[in-house]
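Asker:
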Amino acid sequence: MKGRITVQLKAGVLDVEGTAIARALGSLGFTASEVRVGRVFEVELGPEVANDPAGAALVLTDMARKLLANPVMERFEVEVLDGASGAA
Amino acid sequence: MKGRITVQLKAGVLDVEGTAIARALGSLGFTASEVRVGRVFEVELGPEVANDPAGAALVLTDMARKLLANPVMERFEVEVLDGASGAA
Amino acid sequence: MRFAVISFPGSNCDDDCVRVVREVLGHDAYKVRHDVHDLDRPDVVLVPGGFSFGDYLRCGAIARFSPVMTDVAAFAGRGGPVVGICNGFQILTEAGLLPGALRRNVCLSFICEDRHVAVEGRSTPLTRGLSGEVLRIPIAHNEGNYCADEETLARLEGDGRVVFRYVAPDGRRSPEANPNGAANDIAGICNERGNVVGLMPHPERCAEPLLGNTDGRRLFDALLAAGADGGSR
Amino acid sequence: MTAWSAEVLKRHGLTGEEYARIEATLGRAPSWPELGVFSVLWSEHCSYKSSRVHLRRLPTRGPLVIQGPGENAGVIDAGGGHTVIFKMESHNHPSFIEPKQGAATGVGGILRDVFTMGARPIALLDALRFGDPAHPRTPHLVKGVVHGIGSYGNCVGVPTVGGDVVFDPCYDGNILVNAMAVGVARADRIFLGRAEGVGNPVFYVGSKTGRDGIHGATMASEEFGAQSEEKRPNVQVGDPFVEKLLIEACLEVMSEDLLVGIQDMGAAGLTSSSAEMAARSGSGIVLHLDRVPMRESGMTPYELLLSESQERMLMVCARGREARLIELVSRWGLDVCEIGVVTDSGRFVGTWHGQTVVDIPVSALVDDAPKYERPMAPPPPSPPLDLDAFPQAADGDFTPALSDLLARPSLASKRWVYRQYDHMVRTGTVLRPGEGDAAVVRLPETPRGVAISVGCNGRMCALSPRRGAAMAVAEAAVNVACVGARPAAITDCLNFASPERPAVMWSFSEAIDGLALACEALDTPVVSGNVSFYNETEGRGIHPTPMVGLVGLMPEAARAVGSAFPDAGLDVLLLGRVRPGLAGSEYAAGVGAPLCGDAPDLDLTAVRSLVEALLALHASDLIVSAHDVAEGGLAVALAECTFGDAAVGLVAAAPEHAERADEVLFGEGTGRVIVSTRDPAGVERICSQAGVPVWPLGRTAGQRLQITLAGRPVIDATVAELRARWATGFAGAVE
Ligand SMILES: Nc1ncnc2c1ncn2[C@@H]1O[C@H](COP(=O)(O)OP(=O)(O)O)[C@@H](O)[C@H]1O
Ligand SMILES: [Mg+2]
């Protein structure tokens, strides 16, 4: 089973990278009034949640809470991707 | 109009950060046989592509090619999100 | 000789490069802003270290679009010597003047310390007469992990375009001698013609006795010698 | 208008009495934004309300002092028209909540304090205190803080050349992140935080304002409680690239005659910068808040006044020069906007689309802010340290004890930390971290050097805040003298628990007296500083930690001397004599002894003589290396001297300055330096003239560290094995 965790800055937290990119896009002739940058983690989950999308979602949420997202400044979303299941 | 560009390492390119995260998840008691880390850019596009999803996709692709992804090691995907259109 | 030092808003080794050329070598150096189209007839172009545009995206990704970079490319195209140091190396790869890319160090942290590099490969304006030498030069980077596809790497090796390689003090290659995971222990490369060189170590940080090490000065001296032979462009 | 509820006042950190004063001053109830303005300017962090009455006792004048406390940073005369400008500042609470951004913005803030004076920053240092390495949060905090400092300093291109890291369980719930910045400016190009000249326009320069860190200043003035998690969304995020632009833009603007005054927007942002500038000049100021560049929509005057968005400066421009100011700043891609004007009304006025929303006498906000003489009471005396409980090695072999001590993270090599900092950028770093007792950077455009040392021994301060604080100054002075510089002046960062507890307030007062004594004795006035109170969690406070950052000057940077033995065949001497004690020592902590007993004696006159002797020895080129004996005592200091590139060993006879071997080897006490020399007679001659006792320890040789005491071997190990423990102790604890 595969999952995806997307972590983004909370609204209101200055996005230093996004601001710089928006400026650069502007100078390249694009119009981008705002850019927000986040991270995606694609995780190949273990056999214990094979064929268990609800369980997988819980595990992904737990991973985000414990390690991947910084609760002080970030929020996250999880998605379970069926795809090539993690075998075993 | 809003769009999303997801940039990820090409298959075969070693994901050092992903490997470190997989290890850290392991030490927290999770099973994650593989983690791949990528970045998402959420871009608020300009009025010139308002109500023009095909045009928006082209613009996003162009942004990724020119700036957001490095073709030496990265691949990207673009998505047009309808959402709160950029007015005008 | 005249050294043009390219200055992006976030360059922070531009002053250091100017200083070394002027005060240590006794030659002429001046900064050229990123947003102008005038290199002012230099003999050598230095693209210095730093964080060109903050470099929160990829290092050098934004810098390569700066107006001055078209002039740098043209200068290189005419065979003029261009040296990119650290962020300068990253910018030259992003700009396509050198192949490959510089990714995050495998240890995932910034590293600032002295490292040894062997000078090898074909002769370049920066390395002429130094082939086979092992130099001690500081590195200071978060993204110095050189990577390129197999084909490119094979071509670089085959053509002698790997001009600096991380080694142990005795000149031998070993995993411990490679600080950042760079492919084939690559610390610096040159373009096909040999006039554009990029390297991660900072020779300008070890070019005077006060800083306890003058190995870097040897690279600058090589540049001067090359310039004296090649004449001005 | 109704008066504000008790709940509202509490959230603003205002007492009922303070609120009554506000109403009395205004003759009415304050508006919502006015309440916010009072709350931040009357916070402990901005007003120094508990500390001001004590800070007055610090010596702040001296022949080298150009600008003492009161401005954004202190300024000393470095000769030849050059000045050195420096300050230290805490970012403790934000770093505990969000270690990376908290530490990064701490660095950004202290840099702005220095370049706002017209200085080009040339060095950063960081003094860090973490909890027990075994505490579950410690590794995360260490990694985040170091990453934050590195990512900011590296990007702005100012070398982080030194610092100090100590672990102690007292910091489990309250880490300390103290950052120090050092800059240089021409003496005739120093800028002050003044709002002078009626009609002069006030400019906002830098990043846009968002809702970051609203109430940061009041947060820094509160202890942590269970609900501190809720304060999280307020974190400020630093943008070092913008800071770099700001440095260049400010220095460019300052190179022309455009400015009347300038100040960074630090704690309490726009409010404190503008009110303080007006207060210093006895003027008034009007701010048109609707003109402030905003990052988010729907921002209110209250938020704009209190936001702590980073990388912003307030400039008072000379009228008529506006266009040039705008031109220079815009070229760096920064926002620049005229938002107000200097008046002679003596009032701090804020307008919002033409309507006055804030109108307060400046003096009420700054000079007449509350001042407290808080009650003080010494804690009960600490019981004596029970030496019988110490595990005396039966066979008299202290090698394992030394080896374990070297691996303790507070003593182990800090390479893991400073490897992540660019400590060489600007090509001025003459002594890098780990090379000498103090960092040495060149004074640009001269052959001269600036030596800097930071530190403080919190355990000693817990035993005796007065002596501990004096020790911090003395040790920094000795460190600076070891590399060859004359101590010139200090900055401080006084980290304490709640001033509302009489024992804490007593320790604060004692520490001030200790600092004052040492600064007088060593001729190092205090030119800048910072107080951080409320470093406590649920009633458990930190050790008093009056951090000291000392700057010294040397005529020739090229002659800086490192701490390690460079060669075999050198004579090794111990200069200075103290009665070493185990109370408060790292050794005692390592064997689990309780923190009690008497802090070691400190003889400031002897320290002064030692400093003079070292300077005379340097002047005569007599010493090859010099290292002070500090935490870990003599054995640790000797081991450290063997850890240089040469890795040369030593055969030494320890002095019989104490009764017990463990006291001789590991006892601590300030005022001793280990030097190596090719001319021991020359060293003895100069020391005897200076009245400094000398003990010949031995000679550098071989690859072992061998120490005997009264003819009996007490330490014997290879340098390599000791070095391995020392080299890996830090990473081992935090990875
Ligand atoms: N937080 C830090 N940042 C940068 N350098 C540091 C830090 N902590 C320690 N160092 C450097 O590591 C070296 C050793 O530190 P320390 O063990 O505290 O030395 P000392 O015994 O001389 O006080 C010094 O050069 C010091 O400046
Ligand atoms: Mg010391």
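Chains as they are written, first to last, in my numbering: chain D, 983 to 1070; chain P, 983 to 1070; chain V, 3 to 235; chain E, 114 to 848.
Heads up, the beta-carbon is just placed ideally off N, CA and C, and yes, glycines get one too.
Because the structure is a prediction, the values reported are computed rather than measured.
Exposed or buried, what is leucine 1050(D) when buried is set at 16 or more other beta-carbons lying within 10 Å of its beta-carbon?
Answerer: So leucine 1050(D) counts as buried.
Asker: Determine the extent of the alpha helix (DSSP H) in which alanine 739(E) is found, giving its start and end residues.
Answerer: Where alanine 739(E) is concerned, there is no enclosing alpha helix (DSSP H), although the beta strand (DSSP E) it sits in stretches over 738 to 741.
Asker: So is glycine 994(D) in contact with chain E if we call contact Cβ pairs under 9 Å?
Answerer: Output row for glycine 994(D): interface = yes.
Asker: Run through the DSSP bridge pairs and tell me what aspartate 277(E) is partnered with.
Answerer: Aspartate 277(E) is bridged to Ala240(E).
Asker: Whole angstroms are fine: how far does the CA of alanine 739(E) sit from the CA of alanine 846(E)?
Answerer: So the two alpha carbons sit approximately 29 Å from each other.
Asker: Just to make sure I have the definition right: I need the residues of chain P whose C-beta is within less than 8 Å of the C-beta of arginine 60(V). Which are they?
Answerer: Within 8 Å Cβ-Cβ: Asn1052.
Asker: Could you name the residues of chain V that valine 998(D) contacts, counting a contact when the two beta carbons are closer than 9 Å?
Answerer: The contacting residues are Gly56 and Tyr58.
Asker: Please list, in chain order, the chain V residues whose beta carbon lies closer than 7 Å to that of isoleucine 987(D).
Answerer: Chain V residues near isoleucine 987(D): none, gap ~19 Å exceeds 7 Å.
Asker: Could you check the C-alpha separation between alanine 823(E) and aspartate 829(E) for me, to the nearest Å?
Answerer: Rounded to whole angstroms, alanine 823(E) to aspartate 829(E) spans 15 Å at the Cα level.
Asker: Would you list, in chain order, the members of the region 97 to 113 of chain V that have their beta-carbon closer than 9 Å to a beta-carbon of chain E?
Answerer: Under the 9 Å Cβ criterion, the region 97 to 113 of chain V contributes Ser111, Phe112 and Ile113.
Asker: Let me see if you follow: with CB-CB separation under 9 Å, is methionine 983(P) close to chain V or not?
Answerer: Output row for methionine 983(P): interface = no.
Asker: Between proline 1035(P) and chain D, is any beta-carbon pair separated by less than 9 Å?
Answerer: No, because no Cβ of chain D sits closer than 9 Å to the Cβ of proline 1035(P).
Asker: Nearest by alpha-carbon distance to arginine 75(E): which of Asp510(E), Thr604(E) and Val596(E) is it?
Answerer: Not covered by the structure: residue 75(E). The range shown for chain E is 114 to 848.
Asker: Going by alpha carbons, who is nearest to aspartate 480(E) out of Ala388(E), His253(E), Val543(E) and Ser495(E)?
Answerer: Ranking the options by Cα distance to aspartate 480(E), first place goes to Ala388(E).
Asker: Report the neighbours of phenylalanine 53(V) on chain D: residues whose CB is nearer than 8 Å to its CB, in chain order.
Answerer: Neighbours of phenylalanine 53(V) on chain D: none; closest Cβ ~10 Å, over 8 Å.
Asker: Excluding the 5 residues flanking glutamate 1016(D) on each side, which residues of the same chain have their C-beta closer than 8 Å to its C-beta?
Answerer: These residues qualify, in order along the chain: Gly1000 and Ala1004.
Asker: I'd like to confirm the pairing. Which residues does DSSP put opposite threonine 988(D) in its beta bridges?
Answerer: Its beta-bridge partners are Val1022(D) and Glu1059(D).
Asker: Give me the chain D residues within the contact set of arginine 1057(P), using Cβ-Cβ distance strictly less than 8 Å, ordered along the chain.
Answerer: Per Cβ cutoff of 8 Å: no residues; arginine 1057(P) is ~13 Å from chain D at best.
Asker: Report the option in Asp285(E), Val258(E), Thr128(E) and Ala631(E) whose CA atom is closest to the CA atom of glycine 276(E).
Answerer: Comparing Cα positions, the closest option is Val258(E).
Asker: Taking all protein chains shown into account, decide if glutamate 342(E) is buried (16 or more other Cβ within 10 angstroms of its Cβ) or exposed.
Answerer: The pLDDT assigned to glutamate 342(E) is 38, lower than 50, so where the model puts this residue is not dependable, and the model offers no usable value.
Asker: Of all the beta strand (DSSP E) runs that stay within the bounds of the region 633 to 670 of chain E, which reach a length of 3 or more residues?
Answerer: Those beta strand (DSSP E) runs which fall completely within the region 633 to 670 of chain E and span 3+ residues are 639 to 645 and 658 to 667.
Asker: Ends of the beta strand (DSSP E) at proline 181(V)?
Answerer: Unbroken run through proline 181(V): none, as it is neither H nor E.
Asker: From methionine 1045(D) to arginine 1018(P), what distance separates their C-alpha atoms?
Answerer: Looking at the two C-alpha atoms, the distance is approximately 14 Å.
Asker: Report the three-state DSSP secondary structure of methionine 537(E) (helix, strand or coil).
Answerer: DSSP places methionine 537(E) in coil when its eight states are reduced to three.
Asker: Among residues of its own chain, excluding the 5 on either side of arginine 434(E), which ones have a beta-carbon nearer than 7 Å to its beta-carbon?
Answerer: Here the set comprises Leu371.
Asker: Starting from threonine 1001(P), find everything on chain D with Cβ-Cβ shorter than 8 Å and list it in chain order.
Answerer: Under the 8 Å cutoff, chain D gives no residues; its nearest Cβ is about 12 Å from threonine 1001(P).
Asker: Just the chain V side, please: which residues come within less than 9 Å of phenylalanine 1006(D) by C-beta, in chain order?
Answerer: In the sequence under discussion, the amino acid at residue 1006(D) is alanine, which differs from the phenylalanine named in the question. Per Cβ cutoff of 9 Å: Phe55, Leu59, Ala63, Ile64 and Phe67.
Asker: Which residues does DSSP list as the beta-bridge partners of serine 1009(D)?
Answerer: Partner(s): none; serine 1009(D) has no beta bridge.
Asker: Quick check on DSSP: helix, strand or coil for glycine 842(E)?
Answerer: In the structure shown, glycine 842(E) sits in a helix (DSSP, three-state: H, G or I).
Asker: At the level of alpha carbons, what is the spacing between proline 1053(D) and valine 1025(P)?
Answerer: Their Cα atoms are separated by approximately 23 Å.
Asker: Relative to the alpha-carbon of alanine 551(E), which residue among Val274(E), Leu171(E), Glu136(E) and Gly149(E) has its alpha-carbon at the smallest distance?
Answerer: Closest option to alanine 551(E), Cα to Cα, is Val274(E).
Asker: Interface residues of chain P around alanine 150(V) at Cβ under 8 Å?
Answerer: The contacting residues are Val1054.
Asker: Between glycine 183(V) and chain P, is there a C-beta pair that is closer than 9 Å?
Answerer: At least one chain P Cβ lies under 9 Å of glycine 183(V).
Asker: Nearest by alpha-carbon distance to asparagine 592(E): which of Ser611(E), Val405(E) and Cys569(E) is it?
Answerer: When only C-alpha atoms are compared, the closest one is Cys569(E).
Asker: With 9 Å set as the bound, which would you pick, yes or no: does the beta-carbon of threonine 1043(D) sit closer than that to a beta-carbon of chain P?
Answerer: No - not a single Cβ of chain P is within 9 Å of the one on threonine 1043(D).
Asker: Listing by chain order, which chain V residues have their CB less than 7 Å from the CB of tyrosine 534(E)?
Answerer: Within chain V, the residues near tyrosine 534(E) are Cys114.
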